[in-house]
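Undergrad: Chains as they are written, first to last, in our numbering: chain H, 26 to 462; chain U, 325 to 385.
Where is the CB? At the ideal position from N, CA and C, for every residue including glycine.
As the structure is a computational prediction, the values presented were derived from the model and not from experiment.
Sharing a structure with you now.
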Amino acid sequence: MVQPLLPNQPLKSFYPWLIVGIVAMMQILVSTRVLSIGVFIEPWETQFGWSKNDISLGYAISLLTAALASPFSGYIGDRFGAKISGFVGILIFFVAMILMSFITELWHFWLIFGIFLGIAQAIILVPLVPAAMTWFRRKLDVAMGIVFLSWGIGPAFITPLLVVSLNNFGWRVTFFLLAIVSTLIMGSLLILFKNRPSDINMDAYGTLPGDLPIVGMRPPAILLKEFNHHMRKTRAYWNLSSIHFLGCVGHSMIIVWIIPFAMDRGFTLMEASFIYTLMSTVSIVTRFLAPILCDRYGMRGSLSTFFILQGFPVLVLAYTQTSSMFILMAIIFGIGWGGESGGFPIFNRKYFGQAPMGSPHGVQLLGAGVGMALGGWMGGAIYDIFDSYSWALILSGVASLGGAFSIMILENPSKLLIPDWIQREKNYNELNVIKEL
Amino acid sequence: MIKSLGIPIQFTIVFVLAVSLFVYLLGASANARIEKRQLNSTITSEVYAWEEASLWICPLH
Numbered sequence: 026m027v028q029p030l031l032p033n034q035p036l037k038s039f040y041p042w043l044i045v046g047i048v049a050m051m052q053i054l055v056s057t058r059v060l061s062i063g064v065f066i067e068p069w070e071t072q073f074g075w076s077k078n079d080i081s082l083g084y085a086i087s088l089l090t091a092a093l094a095s096p097f098s099g100y101i102g103d104r105f106g107a108k109i110s111g112f113v114g115i116l117i118f119f120v121a122m123i124l125m126s127f128i129t130e131l132w133h134f135w136l137i138f139g140i141f142l143g144i145a146q147a148i149i150l151v152p153l154v155p156a157a158m159t160w161f162r163r164k165l166d167v168a169m170g171i172v173f174l175s176w177g178i179g180p181a182f183i184t185p186l187l188v189v190s191l192n193n194f195g196w197r198v199t200f201f202l203l204a205i206v207s208t209l210i211m212g213s214l215l216i217l218f219k220n221r222p223s224d225i226n227m228d229a230y231g232t233l234p235g236d237l238p239i240v241g242m243r244p245p246a247i248l249l250k251e252f253n254h255h256m257r258k259t260r261a262y263w264n265l266s267s268i269h270f271l272g273c274v275g276h277s278m279i280i281v282w283i284i285p286f287a288m289d290r291g292f293t294l295m296e297a298s299f300i301y302t303l304m305s306t307v308s309i310v311t312r313f314l315a316p317i318l319c320d321r322y323g324m325r326g327s328l329s330t331f332f333i334l335q336g337f338p339v340l341v342l343a344y345t346q347t348s349s350m351f352i353l354m355a356i357i358f359g360i361g362w363g364g365e366s367g368g369f370p371i372f373n374r375k376y377f378g379q380a381p382m383g384s385p386h387g388v389q390l391l392g393a394g395v396g397m398a399l400g401g402w403m404g405g406a407i408y409d410i411f412d413s414y415s416w417a418l419i420l421s422g423v424a425s426l427g428g429a430f431s432i433m434i435l436e437n438p439s440k441l442l443i444p445d446w447i448q449r450e451k452n453y454n455e456l457n458v459i460k461e462l
Numbered sequence: 325m326i327k328s329l330g331i332p333i334q335f336t337i338v339f340v341l342a343v344s345l346f347v348y349l350l351g352a353s354a355n356a357r358i359e360k361r362q363l364n365s366t367i368t369s370e371v372y373a374w375e376e377a378s379l380w381i382c383p384l385h
């Protein structure tokens, strides 16, 4: 049911897109410290004598911690709202980032960067995407495209600023400044953030006459438990997590090792960096397009195509000897890599409707995070064993193609796999009103 | 719907394969590192704790 037009209705109709902007900005600010860790490697090596392996272990601990904390963070977000969990996460983030500017030992780095900032990342970010999804009945594809785009453009814009700060003030002051500025911006954005459209008495974007409205400020705990149980009983709940895992194993092995691999094939460091930049740039476009293509042209077909585009060129890369073929395959890989993650919110919506998505989203991010950490590590381990990256590339390709096959045998997304949340919540609220009377 | 212990078989296969591969690569990587150090050194080289643990965990190494 569409709300009657109020004087502030134009402002309210803009609110769902403001929510998307807030989520995108939060993702940029929180993920920058992980995605831009490369700029801190040289200063830490010089000052503390830490090896690249020592630093990359901290990176892996952070990814794993965030992954393991994701299901719990998703539940917290559903239960108490993304706004409250966001403020708790920002507090941990702020304290940890300030502490980062004082570290002197390697274990300080592993503990603060790896564990505390990993937990903060999960608590802030995991509940935000499901909350943003609640704001959209229609055009969810475009909204999610903007959210996923932010993962790609964040490092591109913030990394150069970090380098300027590093050159002028050193890494300790850079972390201190990053803590203050990020916390101030995120805190201000969260004040504007609303968990559900009903928080400001409006309907989700794209609600048509006849659609049941989303009511209540927070999902009832008893219904949340019931629906999480419904979701856990479906195959899709588990398989989407293992598919995200396979996709992330497939691309993390490449994004971590493509530069040394390209140099192994005779490219200079500058040329190898250019290939990586090219791949990343191409992936930005498909990050935006993937949810839209999944929604409009079929989810299973679109997402499995992205997985194939991610896996097939890697298999070719393992054997190609020519530079032009290497660059072409890297570009095709970029298309697949960007599109790999964009389809998951659309799958969640089609399979689970308007039910709170913290739990499935958290489990999918668990699979993704473990896959990222494992894939990145596997490339190095395989090189240790064979003195070559060929088997790593083959494994990466097989993981992506395995993911594509798994997507094709997922349930038909044309109908909900669980009961309709909005109808159930409406019945629950009506029953409670009758009881109170 | 095929399930094992309440978990879909598709998920179980990915999980078991990933854990097996992880354990195998961990053992093989530790083995390769130890062998390389021994080849490059005339005296008995040190074996790190994580390498010993990896070789112990992997039944094939």
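1. Can you check whether the C-beta of Q362 of chain U is within less than 9 Å of a C-beta belonging to chain B?
2. Let me check understanding here. Comparing Cα to Cα, which of H:Y376, H:I356, H:S349, H:S56 lies closest to N437 of chain H?
3. Give me the Cα-Cα distance between I115 of chain H and I210 of chain H, rounded to the nearest whole angstrom.
4. At what residues does the alpha helix (DSSP H) containing P383 of chain U begin and finish?
5. From the beta carbon of L399 of chain H, is the nearest beta carbon of chain U less than 9 Å away?
6. Scan the segment 265–299 of chain H for residues whose Cβ lies nearer than 9 Å to a Cβ of chain U and list them as they occur along the chain.
7. With a 10 Å radius around its C-beta and 16 neighbouring C-beta atoms as the bar for buried, classify Y230 of chain H as buried or exposed.
8. Do L328 of chain H and G368 of chain H have their C-beta atoms closer together than 9 Å?
9. Nearest to G83 of chain H by alpha carbon, out of H:G170, H:G63, H:I44, H:F97?
10. Would Q362 of chain U be called buried (16 or more neighbouring beta carbons within 10 Å of its own) or exposed?
11. In terms of alpha-carbon separation, which member of H:N193, H:G212, H:N220 lies closest to I101 of chain H?
12. Please list the segments of the alpha helix (DSSP H) lying wholly inside the segment 319–384 of chain H, counting only runs of 4 or more residues, in order along the chain.
13. Could you check what DSSP says for I86 of chain H in three-state terms: helix, strand or coil?
14. Count the other CB atoms, across all protein chains shown, that sit within 10 Å of the CB of Y344 of chain H; report buried if there are 16 or more and exposed otherwise.
15. With a threshold of 8 Å on Cβ separation, who are the neighbours of A49 of chain H within its own chain once the five nearest residues in sequence on each side are excluded?
16. Within 9 Å (strictly less), CB to CB, does S284 of chain U reach chain H?
17. Does chain U have any CB closer than 9 Å to the CB of D79 of chain H?
18. For Y414 of chain H, does the three-state DSSP call read helix, strand or coil?
19. For D103 of chain H, is the classification buried or exposed, using 16 other Cβ atoms within 10 angstroms of its Cβ as the cut-off for buried?
20. Quickly, what does DSSP pair Y262 of chain H with across the bridge? List them, please.
21. List the residues of chain U whose Cβ lies closer than 8 Å to the Cβ of S431 of chain H, in chain order.
22. Is I372 of chain U helix, strand or coil when you go by DSSP?
23. Please confirm if M26 of chain H has its CB atom under 9 Å from at least one CB of chain U.
TA: Taking the structure as given:
1. Protein chains H and U are contained in the structure displayed, whereas chain B is not.
2. H:Y376
3. 10 Å
4. Segment: none, P383 of chain U is in no alpha helix (DSSP H) and carries neither H nor E.
5. yes
6. S266, S267, I268, F270, L271, V274
7. buried
8. yes
9. H:G63
10. exposed
11. H:N220
12. 324–342, 348–365, 369–377
13. helix
14. exposed
15. I171, V172, L174, S175
16. Absent from the model: residue 284 of chain U. The displayed extent of chain U is 325 to 385, so no value can be given.
17. no
18. coil
19. buried
20. Y262 of chain H is not bridged to any residue.
21. Q334, V338
22. It is Tyr, not Ile, that sits at residue 372 of chain U in the sequence shown. In the structure shown, Y372 of chain U sits in coil (DSSP, three-state: anything other than H, G, I, E or B).
23. Legend: pLDDT at M26 of chain H = 43, less than 50; position of this residue unreliable, value from coordinates given subsequently. No - not a single Cβ of chain U is within 9 Å of the one on M26 of chain H.
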